[in-house]
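The block underneath contains the structure these notes are about, expressed in structure tokens.
In this note's numbering, the protein residues as written are 1109 to 1256.
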């Protein structure tokens, strides 16, 4: 977690609309009240693919009523590639979310995939990490629990 950059001061997250597995529009603000780890990723991104199992294990390890991994796929306007990707890799604890409008990178000021952004209960950015990480490692879990 040495590459995790704290946000100082914590700023409110910008509004971002994305879709869930049922094509239902969602907004980041809809999830205020629980700590979130937003992960921007794509099936064609090798480092993204590498870290997805650890994100799945992280979500399994922490209570969903307090913490949510929010993996937002940048694969295109539909979940057509994401659902089979999850099935093949047995990612059973992660929800399917995707950026239909391809706006997430600009709205969240991201230039590299994967990028993970830790958001506190109040909707403020705690910090971010560019590149892949072992999200179920003890130091990552400690970082997230500190935000909870």
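Where is the CB? At the ideal position from N, CA and C, for every residue including glycine. Being a predicted model, the structure only gives us computed values, none of them experimental.
Residue interval of the alpha helix (DSSP H) (run including residue i)
| i | result |
| --- | --- |
| residue 1117 | From DSSP, residue 1117 is part of no alpha helix (DSSP H); its letter is neither H nor E. |
Start and end residues, beta strand (DSSP E) containing residue i
| i | result |
| --- | --- |
| residue 1181 | 1175–1181 |
| residue 1143 | 1143–1149 |
| residue 1049 | As shown, the chain starts at 1109 and ends at 1256. That puts residue 1049 outside it, with no answer to give. |
| residue 1128 | 1125–1128 |
Own chain residues within Cβ distance below 7 Å of residue i, not counting five before or after
| i | result |
| --- | --- |
| residue 1150 | 1156, 1181, 1182, 1183 and 1221 |
| residue 1247 | 1109 |
| residue 1255 | 1143, 1226, 1228 and 1234 |
| residue 1317 | The question about residue 1317 has no answer here: the residues shown for the chain are numbered 1109 through 1256. |
Helix, strand or coil at residue i according to DSSP, with G and I counted as helix
| i | result |
| --- | --- |
| residue 1192 | helix |
| residue 1161 | helix |
| residue 1133 | strand |
Contact test: residue i Cβ vs the ligand ATP heavy atom, cutoff 6 Å
| i | result |
| --- | --- |
| residue 1171 | By its list of ligands, the structure shown contains no ligand whatsoever, and the ligand ATP lies outside what it can speak to. |
Same chain, Cβ closer than 8 Å to residue i, five either side skipped, listed in chain order
| i | result |
| --- | --- |
| residue 1115 | 1232, 1233, 1234, 1235 and 1236 |
| residue 1212 | 1124, 1126, 1148, 1180, 1182 and 1218 |
| residue 1111 | 1237, 1238, 1239 and 1241 |
Whole-number beta carbon distance between residue j and residue i, since they are thought to touch under 8 Å
| i | j | result |
| --- | --- | --- |
| residue 1176 | residue 1139 | 6 Å |
| residue 1250 | residue 1224 | Going by Cβ atoms, the distance from residue 1250 to residue 1224 rounds to 15 Å, so no, they are not a contact pair. |
Residues near residue i by beta carbon distance below 6 Å, same chain, minus five either side
| i | result |
| --- | --- |
| residue 1189 | 1151 and 1183 |
**Prompt:** Curious, which full-length alpha helix (DSSP H) runs of at least 4 residues does the stretch 1207–1248 contain?
**Reply:** 1212–1215
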